[in-house]
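Chemist:
There are 2 protein chains.
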Amino acid sequence: MQAVWLEKNQIALRDVPQPAKPGEALIRIRKAGICSTDLELVKGYYPYTGVLGHEFVGEVVDAPDRAWIGQRVVGEINAACGACEACKNGRPTHCENRTVLGIVNRDGVFAEYTTLPVENLHRVPDSVPDEAAVFAEPLAAALEIQQQIQIKPTDRVLLIGAGRLGQLIAQTLALTGCDLRVVARHEHTQNLLKARGIRITTGDEIQSRRWDVVVEATGSPEGFNLARRAIRPRGTLVMKSTYKGEMNVNFSSIVVDEITILGSRCGPFEPALRLLEKREADPTVLIAAQFKLEESLKAFEQAAQPGVLKVLLNNN
Amino acid sequence: MQAVWLEKNQIALRDVPQPAKPGEALIRIRKAGICSTDLELVKGYYPYTGVLGHEFVGEVVDAPDRAWIGQRVVGEINAACGACEACKNGRPTHCENRTVLGIVNRDGVFAEYTTLPVENLHRVPDSVPDEAAVFAEPLAAALEIQQQIQIKPTDRVLLIGAGRLGQLIAQTLALTGCDLRVVARHEHTQNLLKARGIRITTGDEIQSRRWDVVVEATGSPEGFNLARRAIRPRGTLVMKSTYKGEMNVNFSSIVVDEITILGSRCGPFEPALRLLEKREADPTVLIAAQFKLEESLKAFEQAAQPGVLKVLLNNN
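Residue numbers (the numbering used here), protein chains in the order written: chain A, 181 to 496; chain B, 181 to 496.
(1) According to DSSP, which residues form a beta bridge with A:Gly443?
(2) Cα-Cα, which of B:Lys223, B:Pro297, B:Cys275 is closest to B:Pro244?
(3) For chain B, find out if any of its Cβ atoms is closer than 7 Å to the Cβ of A:Ser400; answer yes or no.
(4) First and last residue of the beta strand (DSSP E) that includes B:Val491?
(5) Buried or exposed for A:Thr282, please, with buried defined as at least 16 other CB atoms from any protein chain shown within 10 angstroms of its CB.
(6) What are the boundary residues of the alpha helix (DSSP H) that includes A:Pro363?
(7) Tell me where the beta strand (DSSP E) around A:His302 begins and ends.
(8) Measure how close the beta-carbons of B:Gln347 and B:Leu466 come, nearest whole angstrom, since I'm counting them as under 8 Å.
(9) What residue range is occupied by the uninterrupted alpha helix (DSSP H) comprising B:Leu406?
(10) Mind pulling the chain B residues with CB within less than 7 Å of A:Glu426?
(11) Please classify A:Pro272 as buried or exposed, where buried requires at least 16 neighbouring CB atoms within 10 angstroms.
(12) If we cut at 7 Å on Cβ distances, does A:Ile331 have a partner in chain B?
(13) Less than 7 Å between the C-beta atoms of B:Phe480 and B:Glu256, yes or no?
(14) Output needed in chain order: residues of the region 292-310 of chain B with a Cβ under 7 Å from some Cβ in chain A.
(15) For B:Ile283, does the three-state DSSP call read helix, strand or coil?
(16) For my contact list, A:Ile340 and A:Val394 are in at a C-beta cut-off of 8 Å; report their separation, rounded to the angstrom.
(17) Measuring CA to CA, which of B:Ala313, B:Ser444, B:Asn371, B:Ser432 is closest to B:Glu239?
(18) For a contact meaning CB atoms closer than 9 Å, what does A:Asp437 contact in chain B?
(19) Which residues, in chain order, does the region 189-204 of chain B contribute to contact with chain A at a C-beta distance below 8 Å?
(20) In chain order, what are the residue ranges of uninterrupted beta strand (DSSP E) at least 3 long that sit wholly in the region 322-359 of chain B?
(21) In this structure, does DSSP put A:Arg454 in helix, strand or coil?
(22) Give the single residue among B:Ala350, B:Cys358, B:Gly357 whose Cα lies nearest to the Cα of B:Gln370.
(23) Counting Cβ pairs, one atom from each stretch, are 3 or more of them under 8 Å apart for the region 181-195 of chain B and the region 214-231 of chain B?
(24) Leaving out five residues on either side along the sequence, give the residues of the same chain with a beta carbon under 6 Å from the beta carbon of B:Glu324.
(25) Mapping the DSSP letters down to three states, classify B:Asp462 as helix, strand or coil.
(26) Does DSSP put B:Lys211 in a helix, in a strand, or in coil?
(27) Just reading off the beta strand (DSSP E) that B:Glu475 is part of, what are its end residues?
(28) Which of the three DSSP states is assigned to B:Glu481 in this structure?
(29) Label A:Pro199 either buried or exposed according to how many other C-beta atoms from any shown protein chain fall within 10 Å of its C-beta, with 16 as the threshold for buried.
(30) What whole-angstrom Cβ distance do A:Asp392 and A:Arg412 have, given they're in contact under 8 Å?
(31) Given B:Arg414, which residues of its chain have a CB within under 6 Å of its CB, disregarding the five upstream and five downstream residues?
(32) Under 8 Å, with one C-beta from each stretch per pair, do the region 422-441 of chain B and the region 418-434 of chain A reach the 3-pair mark?
(33) Could you name the residues of chain C that A:Thr217 contacts, counting a contact when the two beta carbons are closer than 8 Å?
(34) Under 8 Å by Cβ, that's how I've got A:Ala468 and A:Thr352 pegged, so tell me the actual separation to the nearest angstrom.
(35) Does the Cβ of A:Gly403 have 16 or more other Cβ atoms within 10 Å, making it buried, or fewer, making it exposed?
(36) Quick one: list the residues of chain B neighbouring A:Pro413, beta-carbon separation under 7 Å, in chain order.
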């Protein structure tokens with residue numbers, strides 16, 4: 181089958197054997213999404229060799245439990261061992277022996293087929309089209325913030341960054357009723373937010389030491405510095421991006437202001453699917469372009485342009 | 181009156197006018213304690229000019245409400261405005277206009293007298309001797325951890341640092357029943373912990389990625405690195421010290437492991453006094469030496485020696 185293969189910071193479309201893992205479901209990919217992590221992996225953020233991609237919607241074509249066959253599914257990307265301390269304590273996304281779809285020791289979804297343990301699969305409700313379902317993974321990641329901390333309706337929340345993940349975070353945070361402001365620099369990303377009644381700012385007029393919760397979704401030192409300046413004493417600063425290398429932080433001021441800094445990664449799929457089913461979140465507005473799998477290299481080129489949101493890869 | 185005066189990284193015993201602030205209580209200092217923050221202030225950690233010192237027990241000699249006169253008291257160090265947003269939201273220790281006893285724009289307690297607003301005062305129970313009451317402020321700071329996060333009885337908690345504040349943190353954490361281990365390097369600090377049945381380690385054999393909560397109380401990059409290594413995914417790393425300059429942090433790993441980093445500063449006095457009254461905490465074992473106020477410079481010299489815990493200054 182065809183697949184987008186990453187090796188030594190180079191991607192190529194390659195013919196690879198169709199995957200087959202005993203005990204796992206075989207899934208035919210319908211649509212897959214290119215995310216910032218994929219772009220960072222190509223740049224060498226983490227050493228990975230194999231088939232790229234982890235955001236998908238597909239169809240089960242084979243599975244140990246035949247009830248899955250024919251189901252349209254999305255899938256959690258961390259395949260856990262079920263036996264380690266993290267797994268036994270209900271933290272399978274932190275399994276010490278995990279493989280991660282298209283990221284760590286597990287071929288991903290920019291291909292005709294992939295495999296996953298059936299425990300990782302979630303059926304997609306019929307009313308949710310592929311174009312929306314393919315966003316289940318990043319939408320779940322956005323919801324992870326509210327899985328980790330309580331966003332009160334009275335909270336002032338500042339989101340820094342309105343890119344692929346930022347847009348989904350903005351949509352889900354807005355549902356809490358909180359006083360949300362989003363730092364968005366590109367006109368297109370500003371307009372998407374405005375269309376949902378979400379207030380935007382360019383960041384310059386952000387009041388210092390005022391925000392109860394700040395979500396940093398740019399992955400840049402500038403974003404972090406703005407977040408640090410904006411957060412109020414005893415506020416919570418959520419780190420929701422990939423950060424290259426190391427950053428310098430003045431920890432004495434973190435202590436004096438009793439700031440909480442919280443790392444946030446993968447989130448819960450079922451609530452994401454519920455929001456998609458009820459159309460409370462609409463990720464389809466992020467779609468910038470769709471390409472056939474064979475045009476993956478062009479798709480990656482477009483996805484890497486500044487201000488471009490979601491680029492999808494389609495099978496057949 | 182005599183006072184320990186800090187100016188341009190130099191301390192000196194000086195004759196200064198007896199303080200008098202309309203609306204505040206005048207307190208005769210009975211005992212005061214030298215803390216790491218005092219030593220850091222002398223080194224220039226924060227630019228402060230004035231009378232040093234913030235840990236004390238004293239006696240009210242004058243006050244707007246005469247009921248306070250003659251009371252033996254300890255005092256919260258942050259004097260708040262009562263009107264700013266932090267104050268109105270119940271965070272007076274984060275008042276944007278605060279002065280801080282012996283630290284920010286408010287003469288401290290290494291003197292014969294000091295003044296504080298009566299709202300900052302707490303009566304000391306008769307059964308608590310001066311030698312214990314003088315520790316109310318750092319004991320409250322230790323309890324701030326449990327004011328901020330829940331320590332579960334089943335939690336594995338690693339405390340890094342067994343100095344002045346570390347000893348008090350160890351005593352209060354041990355009361356939760358948690359599985360506590362303390363990294364202590366000096367024999368004397370190890371022995372104090374052992375005497376209370378608290379388990380110690382030198383840090384070398386600490387298992388990585390195992391501890392639910394890690395409290396960093398050394399203020400050193402080495403302590404932070406050990407903390408980062410020891411904390412489990414989704415664990416909480418409490419920063420409980422002063423940190424010089426900036427530290428380099430790999431935030432991608434904080435995101436991937438969904439670590440919480442929490443700054444922790446001043447804490448609640450009433451619970452500290454309750455623990456002292458019930459003798460559940462015994463800070464007096466930390467006392468290394470007591471000096472008269474006139475011998476303050478000698479006292480500071482001793483307090484700055486490695487491994488020396490609490491040095492007290494006595495009036496009269």
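Beta carbons are placed, not taken as given, at the ideal position from N, Cα and C, and that holds for glycine.
As the structure is a prediction and not an experimental result, all values here were calculated from the model.
Modeler: Let's see:
(1) On the first sequence, residue 443 of chain A is found 263 positions in, with the first residue counted as 1. A:Met419.
(2) Mapped onto the second sequence, residue 244 of chain B falls at position 64. Minimum Cα distance to B:Pro244 is reached at B:Pro297.
(3) If you number the first sequence from 1, residue 400 of chain A lands on position 220. No, no contact with chain B.
(4) Taking the second sequence and counting its residues from 1, the one referred to as residue 491 of chain B is at position 311. Where B:Val491 is concerned, the enclosing beta strand (DSSP E) stretches over 490-494.
(5) Position 102 of the first sequence, counting from 1, holds the residue named residue 282 of chain A. Reading off the sequence, residue 282 of chain A comes out as Gly, not Thr. The residue is buried, with at least 16 neighbouring Cβ atoms inside 10 Å.
(6) Within the first sequence, residue 363 of chain A is the residue found at index 183, counting from 1. For clarity, residue 363 of chain A is Val in the given sequence; the question names Pro instead. Where A:Val363 is concerned, there is no enclosing alpha helix (DSSP H), although the beta strand (DSSP E) it sits in stretches over 359-363.
(7) For the purposes of this step, residue 302 of chain A is taken as the residue at position 122 of the first sequence. A:His302: member of the beta strand (DSSP E) spanning 301-303, first to last residue.
(8) Counting from 1 along the second sequence, the entry for residue 347 of chain B is found at position 167. Counting from 1 along the second sequence, the entry for residue 466 of chain B is found at position 286. Sure, about 6 Å apart at Cβ, within 8 Å.
(9) Taking the second sequence and counting its residues from 1, the one referred to as residue 406 of chain B is at position 226. B:Leu406: member of the alpha helix (DSSP H) spanning 401-410, first to last residue.
(10) One-based indexing of the first sequence puts residue 426 of chain A at position 246. Counting only Cβ-Cβ distances below 7 Å, A:Glu426 has contacts in chain B at Asn428, Val429, Asn430, in chain order.
(11) Numbered from its first residue, the first sequence carries residue 272 of chain A at position 92. It is buried - the Cβ of A:Pro272 has at least 16 other Cβ atoms within 10 Å.
(12) Looking up residue 331 of chain A in the first sequence gives position 151. Not an interface residue.
(13) The count along the second sequence starts at 1 and reaches residue 480 of chain B at position 300. The count along the second sequence starts at 1 and reaches residue 256 of chain B at position 76. No. Outside cutoff.
(14) Look at the region 292-310 of chain B: it has no residue with a C-beta under 7 Å from a C-beta of chain A.
(15) Here residue 283 of chain B refers to the residue found at position 103 when the second sequence is read from its first residue. Correct three-state label for B:Ile283: coil.
(16) As a working note, residue 340 of chain A is residue 160 in the first sequence. As a working note, residue 394 of chain A is residue 214 in the first sequence. Taking the Cβ atoms as the reference, A:Ile340 lies roughly 7 Å from A:Val394, within the contact range of under 8 Å.
(17) For the purposes of this step, residue 239 of chain B is taken as the residue at position 59 of the second sequence. Closest option to B:Glu239, judged by alpha-carbon separation, among B:Ala313, B:Ser444, B:Asn371, B:Ser432: B:Ala313.
(18) Translated into positions along the first sequence, residue 437 of chain A becomes position 257. Close to A:Asp437, with beta-carbon spacing below 9 Å, are these residues of chain B in chain order: His274, Gly443, Arg445.
(19) Listed by position, the residues of the region 189-204 of chain B near chain A (Cβ gap below 8 Å) amount to none.
(20) Assignment of beta strand (DSSP E) within the region 322-359 of chain B, counting only whole runs of 3 or more residues, yields 336-340 in chain order.
(21) For the purposes of this step, residue 454 of chain A is taken as the residue at position 274 of the first sequence. Looking at A:Arg454 - three-state DSSP - the assignment turns out to be helix.
(22) Here residue 370 of chain B is taken as the residue at index 190 of the second sequence, counted from 1. For B:Gln370, the nearest C-alpha among the options comes from B:Ala350.
(23) The region 214-231 of chain B and the region 181-195 of chain B touch, with three or more beta-carbon pairs separated by less than 8 Å.
(24) As a first step, residue 324 of chain B must be located in the second sequence, where it is residue number 144. Only Ser444, Gly447 meet the Cβ criterion.
(25) Residue numbering aside, residue 462 of chain B sits at position 282 when the second sequence is read from its first letter. Here DSSP, grouped into helix, strand and coil, assigns B:Asp462 to coil.
(26) One-based indexing of the second sequence puts residue 211 of chain B at position 31. Strand.
(27) Within the second sequence, numbered from 1, the residue matching residue 475 of chain B stands at position 295. DSSP places B:Glu475 in no beta strand (DSSP E); its state is neither H nor E.
(28) Here the question's residue 481 of chain B lines up with position 301 in the second sequence. Under the three-state reduction of DSSP output, B:Glu481 falls in the helix class.
(29) Indexing the first sequence from 1 puts residue 199 of chain A at position 19. Per the 10 Å Cβ criterion, buried.
(30) As a first step, residue 392 of chain A is located in the first sequence; it is residue number 212 there, counting from the start. As a first step, residue 412 of chain A is located in the first sequence; it is residue number 232 there, counting from the start. The pair is a contact, with the Cβ atoms about 6 Å apart (cut-off 8 Å).
(31) Stepping through the second sequence from its first residue, residue 414 of chain B is reached at position 234. The beta carbon of B:Arg414 sits closer than 6 Å to the beta carbons of Glu438 from its chain, once the five residues preceding and following it are set aside; these are given in chain order.
(32) Contact between the region 422-441 of chain B and the region 418-434 of chain A is present, because at least three Cβ pairs lie under 8 Å.
(33) Any reference to chain C falls outside this structure, whose protein chains are A and B.
(34) Working through the first sequence from its first residue, we reach residue 468 of chain A at position 288. Working through the first sequence from its first residue, we reach residue 352 of chain A at position 172. The beta-carbon separation of A:Ala468 and A:Thr352, rounded to 21 Å, does not stay under the 8 Å limit for a contact.
(35) Numbered from its first residue, the first sequence carries residue 403 of chain A at position 223. In summary, A:Gly403 is buried, with 16 or more beta-carbon neighbours lying within 10 Å of its beta-carbon over all protein chains present.
(36) Position 233 of the first sequence, counted from the start, is the residue given in the question as residue 413 of chain A. The contacting residues are Ala266, Arg271, His274.
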